[in-house]
Amino acid sequence: MKKGLLLGLLAAAVAFGAGAYYGRATKQDMVISSTTSGASYGGGFKAGGDAAAASTAPAVLRSVAGPAPTNVVVVKDGESIQAAVKAAPAGTIVRVMPGTYHETVYIDKDDIRIIGVIEEGRRAVLDGQKKLNDAILYSGNSFVVENLEIRDYKGNGIMGQAGNNFEIRNNVITAAGVYGIFPQLGQNGIVEHNVVSGIADAAIYIGMSDNIHVAHNDVFDSVAGIEIENSRHCIVEHNYVHNNSGGLLAFVTPGLPIKTTIDVILRNNFVVGNNHVNFGAPGSTVAGIPAGTGILVMAADDVVIEGNIVSDNKVAGVIITDHAHAANITVDPESEPNSDRVSILDNVMLRNGYDTIKEVKALMLTEGKRGGALDIVRVGPSPGSCIINRHQYVTAGVGDFAECAFTNTAATSTYLLPPVPPRVIKPDERGKVVFLGICSGCHIYNGRMIGPPVQVIQALYLDNPQGIADYIAKPVKKRDDYPEMPPQDYLDPQTRLAVAKYMLDVRN
Amino acid sequence: MRRLVVLLLAVACGSGARASTQPDITLNQRCPPGFEQTAAGVCELRTLYQFYDSLENRGVGGTRTALPPHRDGFTPQQIDLGRYLFFDPLLSGDGTLSCASCHRPDKGLADGRPRSIGIHGEDAGRAAPTLWNVAFLQRFFWDARADSLEAQAVGPLYSPREMGNDPARLIASLNRNATYRRLFREAFPREAAGPVTERQVYAALAAFQTSLISLNSRYDRYVHGYAEALSPREIEGLNVFRSFVARCSECHTPPLFTNEQIAVIGAPEPPGRPFDVGAEATFGSPKLKGGFKVPTLRNVTRTAPYMHSGAFASLRDAVEFYNKGRGHAVPKDMHLYLHWHITDPHLTAAEIDRVVDFLGALTDEAFTPVTPARVPSGLTPIGHANRTAAVSARK
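Residue numbers (this note's numbering), protein chains in the order written: chain G, 1 to 508; chain C, 1001 to 1395.
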């Protein structure tokens, strides 16, 4: 099972290799490119409007969550972080003092920042004691979490579901059950300066997200180091990725509602000695990664690999493959299975592939290579891919890669976007939508439904929208021929007033 | 026995025996609840979720996430004609079943059976799915073999194991009926010169079904900012539901509580039932053997029994299935490509209870459609609408 990912490739690889290489007697001419003088990768993200400059902005964005709130609450050892979050209005810094906290903290409102205070190395520790599921669960926008230590949870350390403009920074996460850091279904996020280890799946997992920056993290002793899955416009740079089963991964998992991974830059990372025994859960995608994989690209498109130091990964420095060769992966007719347009620029590759798997050895033999070292191997179609200075690497299956049209990614500093201000919903807009979405189940303009017609209500309240707003919060039975109205006190006072005004204004 | 009574009633009331003193059946000129009537005279859905966005516009995410793209823009008349058709047993081969026989307003727009029963009493093979929020779906049937409501309609209408009609007979019976001819002309004025067509029937049924909106549960109120809408136990359940131990929300993703993908979960068949290959047949792919479309969980407390063939009588049993170990119910001699989120989560009994509590907060039947008192065929409308129940469910 551990080698499942590549188990399926043997026959196909040998056949492919034979067709592609036996006819080629002479070595290709050596083409030498300079990465300091060539063209630069233009980047794959073209935002509209004000954000248009994002991909070429020389200034590196340091924040995507917007200006820091001024409202601050402090949580001390022995108190509850969740209680503070629950009481906090949107736009609050929750400062967490050193101590040990046994809780799951969930954040379903916007602009909450949980900031640990580190005193002489002592952190705010979230300790799941192997009993709690996840440490941090957020769905609000502009969420920031910094300076925490998280350990011994059964699920994830930090998990996001659809929050945009997030920042996950300076956290130390050990022995979370599945993922250390897992933002999912969000746009515009930073994951940086985290130390994550001992994770049974991916230490850092970017799932179904757009415009993400993963930088300066130290990830080790996990099954997968950093995983970019079904995501677009991501930069992974300056990370130290060591002693995982697989280091950096960019791939498409079939069967997810968002189907592509496009435009991922993996650059300037240390990808070292990722030979940890694979302890991934049976059935998980990462359980199929051969232990000893530096960088894995599977079905992801427009991946650029540049400036990494990739060393001492025993199976291969870089594996480029497709869904068809992944034995434990399901199919999805809507997922394009190949890794299109992979670009391999200059990287430092040392001592990779010294103990590779037999399927790869067989492929190397078809190219007349003895084994004992392997930097880059490609199995399965990878149309439009390119490489520069190919002569420096030990490769298999990349003989027909073109020369790249660019030699560096210097022009693309970030895919992050300026903080997007929250959408302001005008009261009349909200009033109409709430009336139609909720009230219209019982009230129509001029007919009998469950409640009296809007016309009748208009005659009663005339210029008194506040009267309606107050009544619907706490209705009393007024009419023998209608059932009592259920209270609508879950709507805040402004929304109730907006609905009331809409009801008095509506004319049909 | 019940079926016999229905049949007798149909014979007694049917075949043009309508009392002439009753007023003509007319179509609603107003959009159904939840919809705004635009200047162009069509009905457009309005919901608070339209104030949010979603990644890649796919309508999956967390709390304040937009819904997926949806169908709307039908006229009030098309929607109301669809309602009459939906409840009219004229649509079945022998006048005994309507769409509402298996999509009952009082059963969460499902039918409360493990598997539906067709006109000749046969087992239809799979459970009737709820119709709530079908306006947002891209694929239909458990095995995802139809890609529109119109394409879906021909399945049950003409299957001998379901409504047992055929297109020629259906269209002939509608064109023989003066009331239907008038109503179709009104709903499709640009085609008023011609006879009733199959396409019009499917369009009207689709129009009605896209009006079945359930987006105002207590969960939704929590999402829109009212933190007290969920009880502490339900919030505990929500956090188990979306935790990466239970992983329910990875496929039953908010806001619809489905990601609309095919998942092979290895659910059992009821005792004595053969294994159902599901989506393998649709896509011709052995890796999808035993795969079914992830169903929505909205109004799930109303739609027992559960799974594609009703293997679980209670919601708790259905939740507990996921806690019994990856592949525990897969037939011994069979290899399935089980979904990666099917794991062995070791939830406690209390956590399972909390998930069930949370699922109860996904109930909203405020827009339950009204079963017509009469339908144009003169047959007895088949439906079990109960507005009182719908109203009390909102509290």
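Heads up, the beta-carbon is just placed ideally off N, CA and C, and yes, glycines get one too.
This one's a predicted model, so the numbers in the text were calculated from it and none came from an experiment.
Between the Cα of residue i and those of the options, spot the shortest distance and give me the residue it belongs to.
i                  : options                                       : result
Gly186 of chain G  : G:Asn170, G:Tyr153 and G:Glu229               : G:Glu229
Gly317 of chain G  : G:Leu296, G:His323 and G:Thr253               : G:Leu296
Val172 of chain G  : G:Gly128, G:Gln184, G:Ser197 and G:Asn164     : G:Ser197
Arg113 of chain G  : G:Ala88, G:Val195 and G:Asn338                : G:Ala88
Lys1287 of chain C : G:Val304, G:Gly292 and G:Pro254               : G:Pro254
Ser339 of chain G  : G:Asp322, G:Tyr354, G:Ile329 and G:Val348     : G:Asp322
Thr412 of chain G  : G:Asp263, G:Ile158 and G:His391               : G:Asp263
Gly246 of chain G  : G:Arg507, G:Pro487 and G:Asp221               : G:Asp221
Cys1043 of chain C : C:Pro1105, C:Tyr1202, C:Gln1209 and C:Asp1166 : C:Gln1209
Ala1361 of chain C : C:Leu1212, C:Phe1257 and C:Val1277            : C:Phe1257
Leu1170 of chain C : C:Ala1146, C:Arg1185, C:Pro1195 and C:Arg1190 : C:Pro1195
Taking 6 Å as the limit between beta carbons, can you name the residues of its chain near residue i, skipping five residues before and five after?
i                  : result
Val1375 of chain C : Tyr1084, Phe1087, Asp1088 and Pro1381
Asn170 of chain G  : Glu146, Asn147 and His193
Glu1320 of chain C : Ile1352
Quick one: list the residues of chain G neighbouring residue i, beta-carbon separation under 9 Å, in chain order.
i                  : result
Leu1137 of chain C : Those do not exist, as Leu1137 of chain C stays about 12 Å from chain G at its closest Cβ, beyond 9 Å.
Apart from the five residues on each side of it in sequence, which residues of its chain come closer than 8 Å, Cβ to Cβ, to residue i?
i                  : result
Arg351 of chain G  : Ser311, Asp312 and Ala373
Thr26 of chain G   : Here Thr26 of chain G scores only 47 on pLDDT, less than 50, and its place in the model is too uncertain to base an answer on.
Lys501 of chain G  : Pro427, Asp428, Gly431 and Pro465
Thr1038 of chain C : Glu1044
Ser37 of chain G   : Thr407
When you compare the CB of residue i with every CB in chain G, is at least one pair closer than 8 Å?
i                  : result
Thr1210 of chain C : no
Val1042 of chain C : no
Ile1117 of chain C : no
Lys1287 of chain C : yes
Tyr1306 of chain C : no
Trp1142 of chain C : no
Ser1217 of chain C : no
Asn1299 of chain C : no
Ala1340 of chain C : The sequence given here places Trp at residue 1340 of chain C; Ala does not occur at that position. Answer yes: the Cβ-Cβ gap between Trp1340 of chain C and chain G drops below 8 Å somewhere.
Thr1047 of chain C : yes
Glu1260 of chain C : yes
Phe1257 of chain C : no
Against residue i, what residues of chain C qualify as contacts under a CB-to-CB distance less than 8 Å, listed in chain order?
i                 : result
Thr174 of chain G : None at all; the shortest Cβ gap to chain C is about 16 Å.
Ile425 of chain G : Phe1051
Does any C-beta atom of chain C lie closer than 8 Å to the C-beta of residue i?
i                 : result
Leu416 of chain G : no
Lys154 of chain G : yes
Met503 of chain G : no
Val178 of chain G : yes
Phe406 of chain G : no
Val318 of chain G : no
Asn71 of chain G  : no
Phe182 of chain G : yes
Gln455 of chain G : no
Thr285 of chain G : yes
Which partner residues does residue i have in the DSSP bridge list?
i                 : result
Leu350 of chain G : G:Ser311
Phe166 of chain G : G:Gly189
Ile118 of chain G : Partner(s): none; Ile118 of chain G has no beta bridge.
Met159 of chain G : G:Leu137 and G:Phe182
Asn244 of chain G : Beta-bridge pairing links Asn244 of chain G to no other residue.
Ile107 of chain G : G:Tyr138
Arg113 of chain G : G:Ile93 and G:Val144
In chain C, which residues lie with their C-beta within 9 Å of the C-beta of residue i?
i                 : result
Gln129 of chain G : None at all; the shortest Cβ gap to chain C is about 14 Å.
Ile444 of chain G : Arg1030 and Pro1033
Asn273 of chain G : The sequence given here has Gly at residue 273 of chain G, not Asn. Residues of chain C passing the Cβ test: none, with the nearest at roughly 27 Å.
For residue i, which residues in chain G fall below 7 Å Cβ to Cβ?
i                  : result
Pro1033 of chain C : Ser440 and Gly441
Val1060 of chain C : Leu185 and Pro257
Asp1229 of chain C : Note on identity: in this sequence residue 1229 of chain C is Ala, with Asp being the wrong assignment. Chain G residues near Ala1229 of chain C: Tyr490.
Going by beta carbon distance, what residues of the same chain come within less than 7 Å of residue i, once the five residues before and after it are set aside?
i                  : result
Ala402 of chain G  : Cys386
Ser1285 of chain C : none
Thr285 of chain G  : Thr253 and Ile329
Ala52 of chain G   : At Ala52 of chain G, the pLDDT of 42 sits below 50, so the modelled position is not reliable; the number obtained from the coordinates is stated separately. Correct list: empty, nothing qualifies.
Which residues in chain G sit within 8 Å of residue i, going by Cβ to Cβ distance?
i                  : result
Tyr1202 of chain C : The contacting residues do not exist; Tyr1202 of chain C stays about 25 Å from chain G at best.
Asn1239 of chain C : Thr104, Tyr106, Asn133, Asp134 and Leu137
Gly1225 of chain C : Lys109 and Asp492
Which residues in chain C have a C-beta closer than 7 Å to the C-beta of residue i? List them in chain order.
i                 : result
Ala509 of chain G : Not covered by the structure: residue 509 of chain G. The range shown for chain G is 1 to 508.
Pro333 of chain G : Phe1283
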